[in-house]
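Shown next, in structure tokens, is the structure this report addresses.
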Amino acid sequence: MEIYTDALTIFFFVYCLLYNAFLFFYVVVKHRQRRPTVETSPPAPPLSDSDDWPILTLMIPALNEGKVLYKTVESLFEQYYPGTLEVLIIDDGSDDDTPAVTAAIQREFSDVYVYRRERPEARQGKGAALNAGLKFLFEKFPHRPKADWVIGVFDADGRVEELDFFEQVGIAFRDPSVNALQCGVRIRNRHKLLPLMQDVEFVAFSWIVQWVRDKTSGAVALGGNGQFIRADCLELLQPQGPWMAPALTEDLEISVRIHQLPGRIRFLDRHVSQEGVESWRALLKQRHRWAWGTLQVFSMYVASGALWRSPMPLFKKLDLHYYLTFWVVPFLVLGSWLLALLSLVGYVRVSNHFEGWLLWANSFSFWPTMALALVKTGASRLSIPKLVVLGTLYSYHWLPLLVWAWIDMLRRKKPHWLKTQRIYS
């Protein structure tokens, strides 16, 4: 039996070519930005009064987060912001020392509110906690102008380390067309190998791509940590949540709905740091949830055709399809491996009209992106080749997880939110 794999090769080539176009664009534009230019656009007029800045309310859903919560809130208030900056801690039915920690935080910082949820409403996932927190805010401040009010979402271990972080957020929302904003994510404990691989993953396959999307298609996706959404935009989505409670990746799901509204999601070239998991067991649990959640979004918007029928611009629509169909690619990879194995034992004969170098180029085409990410993380040049190889091996953990997630979806298994346990305070 002879099987031709030319179509598979063409698919992988086009897919990898498009991805590396992101890298090329990033390198060229970043290089040009370093050059002094003769003509520059006039700077935006400065905001003179604190009332001219949008109100920033940062929501932190917290379930048994007593270990990390205080330092997170402390890091938020250490940064400069000329306007109003406040924090809402949503205690989602904690049974550790989180209530005592939140009480200590309120004694220390005046602009902190605490909303405690009790069972059975509590512990229904991050989306449900965020919806409850937003309802609390809208009821507490019914007369606030929602167009000038921005709601941020931080994980309990999400910390800000750049002094102008919130100032840059406020400047971005001066543009009335901006509905939402996402910043980059870095891993704090990247001195260890497994967290370092996660850091490279965030930089190579999220930060760089998000930055390019911001400059081109506009198809920026929100993440679970360091996202900001205008309150009037959330009000438009209110009948559905606005965060879809059953969704395991509520951030990605709400991104697709925001993209269907007039306006845009921007990417901020700043970062929030978070703790990376340090065991393979914890990593696989976390990534299984991410894979399952992304497949939920794929099923709701791509497989159903809802995304294609949406009113958003064609370029953005195509880019979102490209991003969301990434989660189908591992099955093609596994299929090609299976064919190679069957060919090796003589069960089938695999034929391909393309040169061997093209097949190898497909396999290793993302190495430059990974190397650039390692440079951005501060890795030494001598260690980069070794870390690129390790990062390649690390990335294959997605293959079994996606198969596992697909099986869970096909079995119609009820999604269950599994909380990531903290290691450091």
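With our numbering applied, the sequence shown covers 4 to 428.
From the three backbone atoms N, C-alpha and C, an ideal C-beta is built for every residue, glycine too.
None of the values given here were measured: they were computed from a predicted structure.
For residue i, which of the options has the nearest alpha-carbon?
i, options, result
"Asp-100", "Ser-282, Lys-143, Lys-70 and Arg-189", "Lys-70"
"Asn-23", "Trp-409, Leu-390 and Pro-371", "Pro-371"
"Leu-137", "Pro-57, Pro-64 and Leu-337", "Pro-64"
"Leu-88", "Lys-416, Val-30, Ile-13 and Thr-60", "Thr-60"
"Leu-298", "Ala-234, Glu-253, Gly-96 and Glu-165", "Glu-253"
"Asp-151", "Arg-177, Thr-423 and Val-163", "Arg-177"
"Thr-75", "Ala-382, Asp-158 and Gln-289", "Asp-158"
"Met-388", "Gly-349, Val-156, Leu-375 and His-400", "It should be noted that the sequence gives Pro, not Met, for residue 388. Looking at the Cα atoms, Leu-375 is the closest of the given residues."
"Leu-434", "Trp-56, Phe-205, Val-212 and His-146", "One cannot answer for residue 434 here, as it falls past the ends of the chain, which runs 4 to 428."
"Val-336", "Gly-173, Tyr-73, Ser-113 and Trp-401", "Trp-401"
"Arg-269", "Gln-171, Asp-114, Gly-128 and Leu-237", "Gln-171"
"Ala-248", "Gln-127, Leu-11, Ile-92 and Lys-379", "Gln-127"
"Cys-236", "Phe-141, Val-17 and Ile-190", "Phe-141"
"Arg-438", "Asp-114, Phe-144, Arg-110 and Asp-94", "Residue 438 lies beyond the stretch modelled for the chain, which goes from 4 to 428, so this question has no answer here."
"Ala-131", "Tyr-18, Met-62 and Ser-346", "Met-62"
"Glu-165", "Glu-238, Ser-78, Trp-210 and Gly-244", "Ser-78"
"Leu-377", "Phe-169, Pro-179, Phe-205 and Ser-97", "Phe-205"
"Arg-110", "Tyr-73, His-146, Ser-97 and Lys-129", "Tyr-73"
"Gln-289", "Thr-423, Asp-167 and Val-31", "Thr-423"
"Pro-179", "Lys-143, Asp-167 and Ile-232", "Ile-232"
"Tyr-399", "Leu-239, Tyr-18 and Leu-287", "Leu-287"
"Gly-96", "Gly-349, His-146 and Lys-129", "Lys-129"
"Gly-173", "Arg-162, Gly-161, Asp-160 and Gly-155", "Gly-155"
"Asp-167", "Ala-175, Asp-160 and Gly-161", "Ala-175"
"Lys-379", "Ile-13, Val-17 and Val-30", "Val-30"
Around the Cβ of residue i, are there at least 16 other Cβ atoms within 10 angstroms (buried) or fewer (exposed)?
i, result
"Ala-103", "exposed"
"Arg-312", "exposed"
"Pro-148", "exposed"
"Ala-106", "exposed"
"Gly-381", "exposed"
"Val-153", "buried"
"Ile-108", "buried"
"Leu-68", "First, the amino acid is wrong: residue 68 is Glu here, not Leu. Buried, by the Cβ-count rule."
"Leu-413", "exposed"
"Lys-416", "exposed"
"Val-305", "buried"
"Gly-244", "buried"
"Arg-292", "buried"
"Trp-363", "exposed"
"Leu-347", "exposed"
"Arg-122", "exposed"
"Arg-384", "exposed"
"Leu-255", "buried"
Which same chain residues end up closer than 6 Å to residue i when comparing Cβ atoms and leaving out the 5 residues on each side of it in sequence?
i, result
"Arg-193", "Leu-199 and Asp-202"
"Phe-139", "Tyr-118"
"Gly-221", "Arg-267 and Lys-319"
"Gly-279", "Ile-190, Asn-192, Pro-198 and Gln-201"
"Ile-58", "Thr-87 and Trp-152"
"Ser-258", "Ala-224 and Leu-225"
"Asp-114", "Glu-89"
Can you give the beta carbon distance from residue i to residue j, rounded, assuming they're within the 8 Å contact cut?
i, j, result
"Leu-323", "Leu-310", "6 Å"
"Gln-277", "Val-188", "6 Å"
"Leu-133", "Trp-246", "5 Å"
"Ala-183", "Gln-241", "That pair is no contact at about 15 Å."
"Arg-352", "Glu-5", "5 Å"
"Leu-405", "Ala-294", "5 Å"
"Phe-80", "Phe-28", "Their Cβ separation, rounded to whole angstroms, is 37 Å, which puts Phe-80 and Phe-28 out of contact at 8 Å."
"Ser-339", "Leu-11", "6 Å"
"Tyr-325", "Leu-21", "7 Å"
"Ala-250", "Gly-296", "6 Å"
"Cys-19", "Ser-386", "The pair is not a contact, with the Cβ atoms about 25 Å apart (cut-off 8 Å)."
With a CB to CB cut of under 7 Å and the five nearest residues on each side skipped, what residues in its chain are close to residue i?
i, result
"Met-373", "Val-203, Ala-207, Val-391 and Gly-394"
"Phe-301", "Leu-327 and Trp-330"
"Cys-459", "Residue 459 is absent from the model: the chain starts at 4 and stops at 428."
"Ala-408", "His-291, Ala-294, Trp-295 and Leu-298"
"Asp-411", "Trp-295"
"Met-315", "His-262 and Gln-263"
Whose C-beta lies closer than 8 Å to the C-beta of residue i among residues of the same chain, with five residues either side of it excluded?
i, result
"Glu-281", "Asn-192, Lys-195, Leu-197, Pro-198 and Ile-426"
"Pro-333", "Trp-401, Leu-402, Leu-405 and Val-406"
"Leu-342", "Ile-6, Thr-8, Val-351 and Val-353"
"Ala-135", "Ile-93, Tyr-118, Arg-120 and Glu-124"
"Ser-209", "Gly-187, Val-188 and Gly-226"
Would you say residue i faces chain C, with C-beta separation under 8 Å as the test?
i, result
"Trp-283", "No chain C appears in the structure shown, which is made up of a single protein chain."
On the three-pair Cβ rule with 8 Å, is the segment 191-199 touching the segment 225-233? no
Contact the segment 251-266 vs the segment 209-216: 3+ CB pairs below 8 Å: no
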